[in-house]
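Notes follow the structure.
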Amino acid sequence: MADSKVETISRLAQWRIENFGPCSYKKSDPFRLGIWNWHFSIEKNRYLYIRLFPEPSRVSKEQPPLARFVLRVSSPGPGPGRKPYISPVHERLLRTSEDFVWPVDSTFLGRFIIDVEFLDLKICPSNGGEASPVWPADGLMQSVSTQSTLRCLSRMLDEGIHADVTINTADGSLRAHKAILSATSPVFQSMFSHDLKEKESSIIHIVDMSLESCMALLSYLYGTIKQEDFWKHRLALLGAADKYDIADLKDACEESLLEDINSTNVLERLQDAWLYQLNKLKKGCLMYLFDFGKIYDVREEVSNFFRHADRELMTEMFQEVLTVWKPV
Amino acid sequence: MSGQKKRSFLNEAFKHQVVFFQECVEKTWKILEHAIHEIYNHNLSSFSFEEVYRHAYNMVVHNFGEKLYSGLLTTMTYHVKEMFKLIEAAQGELFLEELNRNWAEHNKAVQMIRDILVYMDRNFIPSTPKTPVREFGLNLWMDVVIDASKTRSRLLDTLLELVHREMSGEVINRGLMRNIIKMLMDLGFTVYQDDFEKHFLKVSADF
Chain V
1 MADSKVETIS
11 RLAQWRIENF
21 GPCSYKKSDP
31 FRLGIWNWHF
41 SIEKNRYLYI
51 RLFPEPSRVS
61 KEQPPLARFV
71 LRVSSPGPGP
81 GRKPYISPVH
91 ERLLRTSEDF
101 VWPVDSTFLG
111 RFIIDVEFLD
121 LKICPSNGGE
131 ASPVWPADGL
141 MQSVSTQSTL
151 RCLSRMLDEG
161 IHADVTINTA
171 DGSLRAHKAI
181 LSATSPVFQS
191 MFSHDLKEKE
201 SSIIHIVDMS
211 LESCMALLSY
221 LYGTIKQEDF
231 WKHRLALLGA
241 ADKYDIADLK
251 DACEESLLED
261 INSTNVLERL
271 QDAWLYQLNK
281 LKKGCLMYLF
291 DFGKIYDVRE
301 EVSNFFRHAD
311 RELMTEMFQE
321 VLTVWKPV
Chain Z
1 MSGQKKRSFL
11 NEAFKHQVVF
21 FQECVEKTWK
31 ILEHAIHEIY
41 NHNLSSFSFE
51 EVYRHAYNMV
61 VHNFGEKLYS
71 GLLTTMTYHV
81 KEMFKLIEAA
91 QGELFLEELN
101 RNWAEHNKAV
111 QMIRDILVYM
121 DRNFIPSTPK
131 TPVREFGLNL
141 WMDVVIDASK
151 TRSRLLDTLL
161 ELVHREMSGE
171 VINRGLMRNI
181 IKMLMDLGFT
191 VYQDDFEKHF
201 LKVSADF
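Protein sequence lines correspond, in order, to chains V and Z.
Using full-length UniProt numbering, read the first sequence as starting at 1 and increasing by one per residue.
Using full-length UniProt numbering, read the second sequence as starting at 1 and increasing by one per residue.
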């Protein structure tokens, strides 16, 4: 039957009924909205009963819709027609055709239109708990906005859009933005606020970084860093994060350095952990050396290391030995 | 094999770095000391923040935080003592003006020094019983300037005289007065109360 089809657009579904007369019951074809297939049904009795319900299925059983909606019955076409009937806003958990029925005290016959507009649709978890919206408006918007912001930042860095500061590294120069640097590091913020050279000249001489690692730092600050660049420059990034007080980058470097401790780098890592006060990394290195007994693999290097290591660090290493070494 | 080579190379590099820094630490401190002098002389615009900050950072990272801190204390103390000489020498109402001007300059200097030595403030001082830069700056002003034998009574007399003059209908420099009162509040509420409020209330009651 042609007139059982329901058209949908956005959050609105519309059922145009061509001829409702002789039969006293009609059910629409299923229409899709949210994650469910829906049906309308109309039944003529004393009133015109309009029902709205999800198609019986696994989805509607396990994740029934919690809907907020408005229904409307009207006559088609132009002209004075009849005044439409508009329901109040309903908020219902809809599982079966018995969950919602709207009796319209009227004598709509022949051609008329039924609309449902969903103001909100939520998935009701079967095991209780908070219903989750089916249109993740905020989340979606946020991710779209985040993506486009990142693209903008990336262009600002790559194309130097309104760049207002030059960074001279040990082997080349880069262009960046005072605002971005200041927002990500309190040190840069102070640098541009006091009346020292940088404020006037807008040139920073970062002589203790190479061009490549400084580029990696900027791409981190502008949100475009690639994993491989991070990996390659993480020691330089750690130094910069420590120097310019960028806490989250420092944490990321520490996590990364913890992931690949081995006997060729453990002493160096320990030294870095000591230098930059990275307690987790220090603990990791000490465990690697003492709890796991790898100190025997690097004996030679350790004696060399002890010749130059900080006294306090050695004390800590000795404490660790005492903790691990429990003579029977 | 190659790993072995790399290892000893890294240890060498590290050793060099440490030895190198130990040799130039005196030079680094001289630069920083000069910078602190120039901050108090308002002559820092030829300095690069990055450079001064890097020197201070390197001293702390390479374990010379102690040297940096004690050097800072000596240099700051010198300047506050110099300021005190000017304040002490100022006569009459100029006394308040000189006090106010130097207090403002000292504050500005402390703020700048703190920003340049912020790494020391965050990463060295907390592990010691030492006083952070800003607090030290306040204490220093308190010890050298306010607690000096004659300052308190001079300050009190001058302020009360001003109050008296205003009550008698004279126009006084209210901005100056406000700044001085604010200084006393900044130094701690008890300073304000002991040095001024009590006496002020008494004089007002007498009036």
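Where is the CB? At the ideal position from N, CA and C, for every residue including glycine.
Item                                                                                                                                        : Value
Alpha-carbon to alpha-carbon, residue 291 (chain V) and residue 262 (chain V)                                                               : 14 Å
Closer than 9 Å to chain Z by CB, residue 330 (chain V)                                                                                     : No answer is possible for residue 330 (chain V): the residues shown for chain V start at 1 and end at 328.
Residue 27 (chain V) CB to nearest heavy atom of the ligand SAH below 8 Å                                                                   : The ligand SAH is not among the ligands present in this structure, which contains no ligands whatsoever.
Residue 129 (chain V) versus residue 63 (chain V) - alpha carbon distance                                                                   : 12 Å
Neighbour flag for residue 122 (chain Z) against chain V, beta carbons, 9 Å                                                                 : yes
Residue 184 (chain Z) burial status per 10 Å Cβ neighbour count (16 or more: buried)                                                        : buried
Min CB distance residue 171 (chain V) to chain Z below 9 Å                                                                                  : no
Entirely enclosed alpha helix (DSSP H) segments - the segment 238 to 309 of chain V, minimum 4 residues                                     : 247 to 259, 266 to 275, 279 to 286 and 299 to 308
7 Å Cβ cut-off: residues of chain V touching residue 54 (chain Z)                                                                           : 208
Complete alpha helix (DSSP H) runs within the segment 104 to 153 of chain Z (minimum length 4 residues, chain order)                        : 118 to 123 and 133 to 141
Residue nearest to residue 68 (chain V) in terms of C-alpha spacing, selected from V:191, V:134 and V:249                                   : V:134
Best match in V:105, V:200 and V:181 for proximity to residue 48 (chain V) [C-alpha to C-alpha]                                             : V:105
Min CB distance residue 276 (chain V) to chain Z below 9 Å                                                                                  : yes
Under 8 Å by beta carbon: chain Z residues contacting residue 349 (chain V)                                                                 : Absent from the model: residue 349 (chain V). The displayed extent of chain V is 1 to 328, so no value can be given.
Sub-9 Å separation of residue 171 (chain V) and residue 219 (chain V) beta-carbons                                                          : no
Through-space distance from residue 59 (chain Z) to residue 27 (chain Z), alpha-carbon basis                                                : 11 Å
9 Å Cβ cutoff, residue 186 (chain V) in contact with chain Z                                                                                : yes
Within chain Z, the residues that residue 191 (chain V) reaches when beta carbons sit closer than 8 Å                                       : 49, 50 and 53
Per-residue contacts from residue 61 (chain Z) into chain V (C-beta, under 7 Å)                                                             : 275
Residue burial classification, residue 34 (chain Z) (beta-carbon count within 10 angstroms, cutoff 16)                                      : exposed
Chain-order list of residues whose beta-carbon lies under 8 Å from that of residue 336 (chain V) (same chain, five-residue window excluded) : No answer is possible for residue 336 (chain V): the residues shown for chain V start at 1 and end at 328.
Chain-order list of residues whose beta-carbon lies under 6 Å from that of residue 2 (chain Z) (same chain, five-residue window excluded)   : Residue confidence is low: residue 2 (chain Z) scores 41 on pLDDT, short of 50, so the model does not pin down where it sits. Its coordinate-derived value is still stated next. Excluding sequence neighbours, residue 2 (chain Z) sits near nothing in its chain.
For residue 31 (chain V), the first and last residue of its enclosing beta strand (DSSP E)                                                  : 31 to 33
Rounded Cβ spacing between residue 17 (chain V) and residue 82 (chain V) (contact assumed at less than 8 Å)                                 : Rounded, the Cβ-Cβ distance is 14 Å, inconsistent with contact.
Neighbour flag for residue 1 (chain Z) against chain V, beta carbons, 9 Å                                                                   : In this prediction, residue 1 (chain Z) scores a pLDDT of 37, lower than 50, which makes its location untrustworthy; the coordinate-derived value is nonetheless stated afterwards. No, because no Cβ of chain V sits closer than 9 Å to the Cβ of residue 1 (chain Z).
Cβ contact check for the segment 47 to 62 of chain Z and the segment 92 to 100 of chain Z: 3 or more pairs under 8 Å                        : no
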